[in-house]
Amino acid sequence: MSIKRRLPRTDDERTIAVNTAKTELGVVIPAEVPFTPPTKTRELALYTNWKSANDNVQSTEREKFNATILVESTKATAALFSRHFIMVFNFGVERAVYPKGDRAFYYLDKNSDALPPIVTEEEIILWGNRIVDGDAARVAAGGAAMANPTAAEVGTALTAFSNANNDQDVKTAAWKAALLVRTNLKTEADAVILKMWDEAETFYNELPAATKRDKCRPWGVVYVSDTVITINITVVKDGTAIPIDAASTFFKEGDSTHLSDALGIIQIKTTAADRATLITNKPGFMQNTHVVTFLTGVTIYTVVINMVAL
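In the working numbering, each residue's number is its place in the sequence shown (first place is 1) plus 1.
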């Protein structure tokens with residue numbers, strides 16, 4: 002089994018690395034910090050800047066998401082009002098309330114009651130404006146006012162859609178700007194993380210390899226092997242074989258959470274090195290922490306997690 006260090010590949014992994022080192026700096030005495038003072042200073046500055054950038058990306062993304070929902074809602078309403086206006090107007094033509102020639106005010110074929118396509122953003126804006134402008138011209142020419150819906154109601158729905166569209170553009174631009182700020186921090190983040198991990202491994206380089214890795218992990222260093230390990234877990238009530246479903250097991254080294262199925266079973270496949278720390282929780286039971294130590298040549302492990310009721 003070959004074990005190597007794996008530097009962050011994603012923004013989430015960068016966040017974990019930066020946050021882990023910051024947390025450890027807050028609890029370890031200065032003499033036991035493996036970083037040089039300049040590296041420590043860079044890490045603390047990076048933590049502040051990276052957290053601010055991350056928070057801004059998340060908040061602007063939420064705002065963009067909410068703006069998109071509003072766009073879809075107002076889009077559907079605007080399309081509905083425009084379609085209903087034309088349908089009701091055509092009913093009026095059929096009842097001789099309006100002359101069929103008045104369809105021309107809306108750029109409709111005077112000899113057809115076909116409903117034009119009003120689906121896309123462009124179609125909604127086109128026909129909404131034709132209805133608002135056309136109805137004003139028709140009434141000014143002596144035509145009877147339309148109702149249920151009125152052109153004003155179509156206009157209101159169209160304005161709401163237009164405003165939502167504009168707001169979405171603003172929110173999307175803010176999100177892209179936030180992404181750019183975080184992107185511009187990646188070079189510094191990667192440099193600082195590499196520096197911290199190098200210094201941590203140097204600080205502990207006189208220890209046996211496995212012990213050195215154990216000392217470096219709390220500082221955020223991630224190790225992986227070239228072997229896929231399978232961990233078969235069964236979660237049961239303590240002292241019985243009764244399975245517990247929907248028990249949540251956090252796999253610390255893999256930074257992942259897994260739920261047991263109806264038979265209390267969880268299967269985890271991982272390339273994590275040295276060990277797996279499994280933290281299992283279920284309402285009504287005490288938390289259970291179980292550590293699986295990986296042995297050379299062994300790739301499949303069977304674990305029974307006994308949960309004690311509160």
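Positions of the beta carbon are idealized from the N, C-alpha and C atoms, including for glycine.
All values reported here derive from a predicted model rather than from experimental measurement.
Of the candidates E14, T21, I243, I234, the residue whose Cα lies closest to the Cα of S249 is I234. CA-CA distance, T228 to S3, rounds to 8 Å.
Counting along the chain, the unbroken beta strand (DSSP E) around I269 starts and ends at 266-273. Going by beta carbons, R139 and D168 fall outside the 7 Å limit. The residue among V89, I194, T231, A137 with its C-alpha nearest the C-alpha of Q268 is T231. N130 and F106 have their C-alpha atoms some 11 Å from each other. For the alpha helix (DSSP H) assignment, the uninterrupted runs of no fewer than 4 residues enclosed by the segment 178-229 are, from N- to C-terminal side, 210-217. The beta carbon of D114 lies closer than 6 Å to those of N91 in the same chain, with the five residues before and after it left out. With three or more CB-CB distances shorter than 8 Å, the segment 211-227 counts as touching the segment 18-31. Taking each of F286, A277, I70 in turn and checking the Cα distance to V237, the smallest one comes out for F286.
A residue is called buried when at least 16 other Cβ atoms come within 10 angstroms of its Cβ; R15 meets this threshold and is buried. Closest in C-alpha terms to A273, from the list G265, A242, D215, comes D215. Residue burial annotation: V58 is buried, with at least 16 other C-beta atoms found within 10 angstroms of its C-beta. Annotation for R6: no alpha helix (DSSP H) segment contains it, though the beta strand (DSSP E) segment containing it runs 4-6.
When the beta-carbon positions are compared, A165 and V72 come within less than 7 Å of each other.
With fewer than 16 other Cβ atoms from the protein chains shown falling within 10 Å of its own Cβ, S60 counts as exposed.
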